[in-house]
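Here the structure comes first, spelled out in structure tokens, and everything after it is commentary.
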Amino acid sequence: MSAPLDDVALDQLFRTARTHNAFLPKPVEPAQLHALYDLLKWGPTAANGTPARFVFVTSPQAKAKLKPALSENNVDKTMSAPVTVIVGFDLDFHEQLPKLFPHTDAKAWFEGPQESRAEPALRNGSLQGAYLILAARALGLDAGPMSGFDAAKVDAAFFAGTSVKSNFLVNLGYGDPQGLFPRLPRLSFEEAARIE
Numbered sequence: 001m002s003a004p005l006d007d008v009a010l011d012q013l014f015r016t017a018r019t020h021n022a023f024l025p026k027p028v029e030p031a032q033l034h035a036l037y038d039l040l041k042w043g044p045t046a047a048n049g050t051p052a053r054f055v056f057v058t059s060p061q062a063k064a065k066l067k068p069a070l071s072e073n074n075v076d077k078t079m080s081a082p083v084t085v086i087v088g089f090d091l092d093f094h095e096q097l098p099k100l101f102p103h104t105d106a107k108a109w110f111e112g113p114q115e116s117r118a119e120p121a122l123r124n125g126s127l128q129g130a131y132l133i134l135a136a137r138a139l140g141l142d143a144g145p146m147s148g149f150d151a152a153k154v155d156a157a158f159f160a161g162t163s164v165k166s167n168f169l170v171n172l173g174y175g176d177p178q179g180l181f182p183r184l185p186r187l188s189f190e191e192a193a194r195i196e
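Right under this line is the structure:
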């Protein structure tokens with residue numbers, strides 16, 4: 001059995017971690033993005049389907065492609081972030097199941113129209129996007145997840161001709177504490193949960 005993480009690790013992942021809106025002008029290296037993916041890929045998904053697809057937007061050209069899809073209040077922070085991750089989900093994720101879930105014919109569970117795969121693809125791709133945020137924090141990066149973009153424009157610019165659809169964006173880098181808002185409250189256990 002695993003031992004609980006210490007308070008330093010729990011703080012870094014959850015308690016003192018923040019959603020960042022501004023980033024220091026310090027690059028995130030490609031090797032860090034590979035390490036990030038190599039960590040997040042181990043998070044569980046239904047039938048090991050791993051439907052998330054990630055585009056790490058780093059170059060000025062890629063940022064220029066993304067910019068027209070952003071809501072006005074997301075432009076500056078996204079253009080200045082070292083990396084913006086487009087977290088997408090593949091509606092044809094089941095094509096990989098013979099490799100990812102080889103002990104039974106799981107691909108057959110998802111055959112049929114793409115629309116029938118949209119819910120599991122979105123659900124499990126969202127899980128993987130959350131794993132990305134936690135993996136980034138675990139590796140010493142800060143994250144700023146957001147919606148506030150035109151998904152159809154992102155899909156046309158980055159996923160045209162594929163079965164991948166965009167879900168949400170995550171800015172990554174080294175957060176500038178000057179850009180933090182005051183910490184917002186959370187619901188108590190009694191307000192959000194119950195034990196039966």
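So for the sequence shown, the UniProt record's numbering puts the first residue at 1; every next one is plus one.
Don't be surprised by glycine CBs; every beta carbon is placed ideally from N, CA and C.
Q.
Can you list, in chain order, the residues of its chain with a C-beta nearer than 6 Å to that of L180? Leave out the 5 residues immediately preceding and following it.
A. R18
Q: Answer with buried or exposed for A193, where buried requires no fewer than 16 other C-beta atoms within 10 angstroms of its C-beta.
A: exposed
(Q) On a Cα-Cα basis, can you pick out the residue from K41, P4, S147 and T16 that is closest to T84? (A) S147
**Q.** Cβ distance (whole Å) where F93 is taken to contact T50 below 8 Å
**A.** 7 Å
Q. Taking C-beta to C-beta, are L24 and D142 nearer than 7 Å?
A. no
Q. When DSSP builds the beta bridges, which residues end up paired with H52?
A. As written in the sequence, residue 52 is Ala, which differs from the His given in the question. Looking at the DSSP assignment, A52 forms a beta bridge with F89.
(Q) Between L39 and A138, how many whole angstroms is the CB-CB distance? I'm expecting something under 8 Å. (A) 7 Å
**Q.** Residues near A151 in its chain [Cβ-Cβ closer than 6 Å; skip 5 each side]
**A.** S166
Q: Take the Cβ of P82 as the centre, count every other Cβ of all protein chains shown within 10 Å, and call the residue buried at 16 or more, exposed below.
A: buried
Q | 6 Å CB neighbourhood of Q114 in its chain, flanking five on each side removed | A | L91
Q. How would you write the range of the beta strand (DSSP E) that S166 sits in, first residue to last?
A. V164 to G173
Q. Roughly how many whole angstroms lie between the Cα atoms of F189 and R15?
A. 15 Å
Q. For A157 versus K65, is the C-beta distance shorter than 7 Å?
A. yes
Q. Under 7 Å, do A69 and F149 count as touching if we go by C-beta distance?
A. yes
Q) Between the beta-carbon of L36 and the beta-carbon of A135, is there less than 7 Å? A) yes
Q: Locate the beta strand (DSSP E) running through D142, then write down its first and last residues.
A: D142 to M146
Q. How big is the Cα-Cα spacing for S126 and A31?
A. 24 Å
Q) Going by beta carbon distance, what residues of the same chain come within less than 8 Å of N73, once the five residues before and after it are set aside? A) G148
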